[in-house]
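Novice:
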Amino acid sequence: MSHIRSSYTDACAFYGRHTPRELAETYGTPLYVYNENILRQRCRELMGLSAHPGFGVNYSVKANANPALLKIVREEGLVVDAMSPGELYMDELAGFTPEKILYISNNNSAAELQNALVRGLLVSVDSLSQLDLLGGLNPGGKVMVRFNPGIGAGHHAKVITAGKATKFGVTPDKLDAVLALVKRHNLTLAGLNQHIGSLFMEPEGYLNAAEVLLHLAERLPEEALAKLEVIDFGGGFGIPYRKYDGEARLNMDELGARLHALISGWAAKTGYKGRFLVEPGRYVAAECSVLLGRVHAVKNNGEKRYVGTDLGFNVLVRPAMYDSFHDLEIYEAPGPQDRAELLQTIVGNICESGDILAKDRTLPALHESDVLGVLDAGAYGFTMGSNYNMRRRPAEVLIQGDGTARLIRRRENLEDLARCLLD
Ligand code: LLP
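For the sequence shown, the residue numbers in full-length UniProt numbering are 1 to 423.
(1) Could you name the residues of the same chain whose beta carbon sits closer than 7 Å to that of residue 427, not counting the 5 residues immediately before and after it, in chain order?
(2) Say the cut is 7 Å; is the CB of Gly302 nearer than that to a heavy atom of the ligand LLP?
(3) Contact between the segment 89-107 and the segment 57-70: three or more CB pairs below 8 Å?
(4) Using the rule of at least 16 other Cβ atoms within 10 Å of the residue's Cβ for burial, across every protein chain shown, is Ser109 buried or exposed?
(5) Tell me whether Gly235 counts as near the ligand LLP, meaning its Cβ is closer than 7 Å to at least one heavy atom of that ligand.
(6) Is the distance from the Cβ of Leu181 to the Cβ of Lys227 below 8 Å?
(7) Among the residues of its own chain, which have a CB less than 7 Å from the CB of Pro240, if the five just before and after it don't count?
(8) The alpha helix (DSSP H) spanning Met321 covers which residue range?
(9) Nearest-angstrom Cα distance between Leu363 and Val123?
(10) Does DSSP classify Glu22 as helix, strand or coil?
(11) Alpha helix (DSSP H) containing Met47: first to last residue?
(12) Nearest CA to the CA of Gly404: which residue from Asp10, Ala11, Leu117 and Thr19?
(13) Count the C-beta pairs between the segment 293-301 and the segment 332-343 that are closer than 8 Å, then say yes if the count reaches three, no if not.
(14) So, are the CB atoms of Leu131 and Val118 less than 8 Å apart?
(15) With a threshold of 8 Å between beta-carbons, can Ala268 be considered close to chain D, or not?
(16) Kindly indicate the opening and closing residues of the alpha helix (DSSP H) around Pro85.
(17) Which residue spans inside the segment 57-81 form an unbroken alpha helix (DSSP H) run of at least 4?
(18) Please find out if some non-hydrogen atom of the ligand LLP comes closer than 7 Å to the beta-carbon of Pro280.
(19) With a 10 Å radius around its C-beta and 16 neighbouring C-beta atoms as the bar for buried, classify Gly271 as buried or exposed.
(20) Can you tell me whether DSSP reads Ser124 as helix, strand or coil?
(21) Using DSSP bridges, identify the partner residues of Leu292.
(22) From what residue to what residue does the alpha helix (DSSP H) around Arg282 run?
(23) Could you check how far apart the C-beta atoms of Val79 and Gly56 are, in whole angstroms? I think they sit under 8 Å.
(24) Just checking my contact of Ala162 with Gly197 at CB under 8 Å: how many whole Å lie between their CB atoms?
(25) Among Gly152, Glu254 and His215, whose alpha-carbon lies nearest the alpha-carbon of Ser205?
(26) State the Cα-Cα distance for the pair Asn186 and Ser129, rounded to the nearest angstrom.
(27) Can you say whether Cys43 is buried or exposed, counting buried as having 16 or more other CB atoms within 10 angstroms of its CB?
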């Protein structure tokens, strides 16, 4: 038996000492499979962006918060963010200590902010209203403020987080109001941060926005600039989702060289001794995972061939939510089948017609019992999953550095679906 379409995972020995069909049989499907070597490689590429002494990488755990993966990220020297008590809890489970966690909040309650403050975390707020709230909770403390540089970027309108049409950040014209609130609560403005949006493949926009944030820092009174400890440029580093079409990678050498020149030049000019952070989520986690699923039914409805799988949008919502493209692989056919290329639409098992994983793809004909692999599923995959249709969240398996598999999250069972019920 041979794989039908697997040149990408073959080339990087993604499944280590295992085969995808064997993993699907042992652990069931849907199954998120992660590769430790790829995760480490992505962390190292990011850590290598700049040799400036204050440069660091703040992994945005909203992309993937499994503590087994977070531990690897910690070993690679990254710090992490959290934007909710739940993400903070996962960071702590993975062994991150308070000085390694930034709390980048958005519209948190007083209790949620307090939860971060009692742990001694540096908290970023992204409105005057939340700055006032935080000042009341923590007078005399430190705070970070998220600005909106007016430049947005992203693969879909739903993930552009700066510019005019977004709920995020404080616009730079409100700097005086920020400083007044900081003074009123006797706070120290210890950090500035921003995030322009998710998935850029050209460095230009990111670097321009970074410059805007540095210009803003220069507008601070001298004594305020001297107290600044962190400047965080945000995430958004893209990955090539169209691997089988030969899509180019983000040029990390160019981005790194230009970012390094920008921050070291600026630090030399201003005397800034603090940290510079980037805050990627997707770049760290996306490519280290393939989501395995199984074909349960094939049919023609009119002209269209539908391939029905167990990969509903409860498991991976990105295609349904953003029309995102994920490449597919097809593994080890159980017997001789016609594999001529056909136009096919791959769907899940959720009761909605928008439950489409891959629309109108030309792929070798898929058949019942085939095992499918959805590439680049590690970021915003499991974390955005749900129990819709009372389906259980999938298991997660890690292919460790030595090629062996380790279950890092068991599949939910029926009792899990009922665990919060009171009657
Ligand atoms: N920092 C902040 C404040 C963010 O809001 C985000 C992502 C990041 C960092 C990391 O962004 P990344 O490097 O992963 O692009 N669910 C969408 C992406 C939403 C991103 C939300 N914020 C998707 O699946 O494409």
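Virtual Cβ for every residue (Gly too), placed ideally from N, Cα, C.
Specialist: For this structure:
(1) Examination of residue 427 is not possible in this model, given that the chain is present from 1 through 423 alone.
(2) Translated into the one-based positions of the sequence shown, residue 302 becomes position 302. It does not: the Cβ of Gly302 is nowhere closer than 7 Å to a heavy atom of the ligand LLP.
(3) yes
(4) If you number the sequence shown from 1, residue 109 lands on position 109. Ser109 should be labelled exposed.
(5) Taking the first residue of the sequence shown as 1, we reach residue 235 at position 235. Indeed, a heavy atom of the ligand LLP lies less than 7 Å from the Cβ.
(6) For the purposes of this step, residue 181 is taken as the residue at position 181 of the sequence shown. For the purposes of this step, residue 227 is taken as the residue at position 227 of the sequence shown. Taking 8 Å as the Cβ cut-off, Leu181 and Lys227 do not qualify as a contacting pair.
(7) As a first step, residue 240 is located in the sequence shown; it is residue number 240 there, counting from the start. Glu247, Ala248 and Arg249, listed in sequence order.
(8) As a working note, residue 321 is residue 321 in the sequence shown. Start and end: Arg318 to Tyr322.
(9) Indexing the sequence shown from 1 puts residue 363 at position 363. Indexing the sequence shown from 1 puts residue 123 at position 123. Rounded to the nearest angstrom, the two C-alpha atoms are 48 Å apart.
(10) In the sequence shown, residue 22 corresponds to position 22, counting from 1. The answer is helix: DSSP assigns Glu22 an H, G or I state.
(11) Taking the first residue of the sequence shown as position 1, residue 47 is located at position 47. Residues Glu36 to Met47.
(12) Within the sequence shown, numbered from 1, the residue matching residue 404 stands at position 404. First, the amino acid is wrong: residue 404 is Thr here, not Gly. With distances taken between Cα atoms, Thr404 lies closest to Thr19.
(13) no
(14) The sequence position of residue 131 within the sequence shown is 131, counting from 1. The sequence position of residue 118 within the sequence shown is 118, counting from 1. Not in contact: Leu131 and Val118 (Cβ atoms no closer than 8 Å).
(15) No chain D is present in this structure, which holds just one protein chain.
(16) Mapped onto the sequence shown, residue 85 falls at position 85. That run of the alpha helix (DSSP H) goes Pro85 to Leu93.
(17) 67-75
(18) By 1-based counting over the sequence shown, the position of residue 280 is 280. Yes, since a heavy atom of the ligand LLP falls inside the 7 Å radius drawn around the Cβ of Pro280.
(19) If you number the sequence shown from 1, residue 271 lands on position 271. Exposed, because fewer than 16 other Cβ atoms sit within 10 Å of the Cβ of Gly271.
(20) As a working note, residue 124 is residue 124 in the sequence shown. If DSSP states are grouped into helix, strand and coil, Ser124 belongs with the strands.
(21) Taking the first residue of the sequence shown as 1, we reach residue 292 at position 292. In the DSSP output, where bridge partners are listed per residue, Leu292 has Leu31 and Gly373.
(22) Residue 282 sits at position 282 when you count from the first residue of the sequence shown. Arg282 to Ala285 is the span of the alpha helix (DSSP H), which, as asked, contains Arg282.
(23) Position 79 of the sequence shown, counted from the start, is the residue given in the question as residue 79. Position 56 of the sequence shown, counted from the start, is the residue given in the question as residue 56. About 6 Å separates the two Cβ atoms, so the contact holds.
(24) In the sequence shown, the residue the question calls residue 162 occupies position 162. In the sequence shown, the residue the question calls residue 197 occupies position 197. Contact holds; Cβ gap of about 6 Å.
(25) The residue labelled residue 205 in the question sits at position 205 within the sequence shown. Correcting the residue type first, residue 205 is Gly in the shown sequence and not Ser. Ranking the options by Cα distance to Gly205, first place goes to Gly152.
(26) For the purposes of this step, residue 186 is taken as residue 186 along the sequence shown, with counting starting at 1. For the purposes of this step, residue 129 is taken as residue 129 along the sequence shown, with counting starting at 1. Using only the alpha carbons, I get a separation of about 16 Å.
(27) The sequence position of residue 43 within the sequence shown is 43, counting from 1. Cys43 comes out buried.
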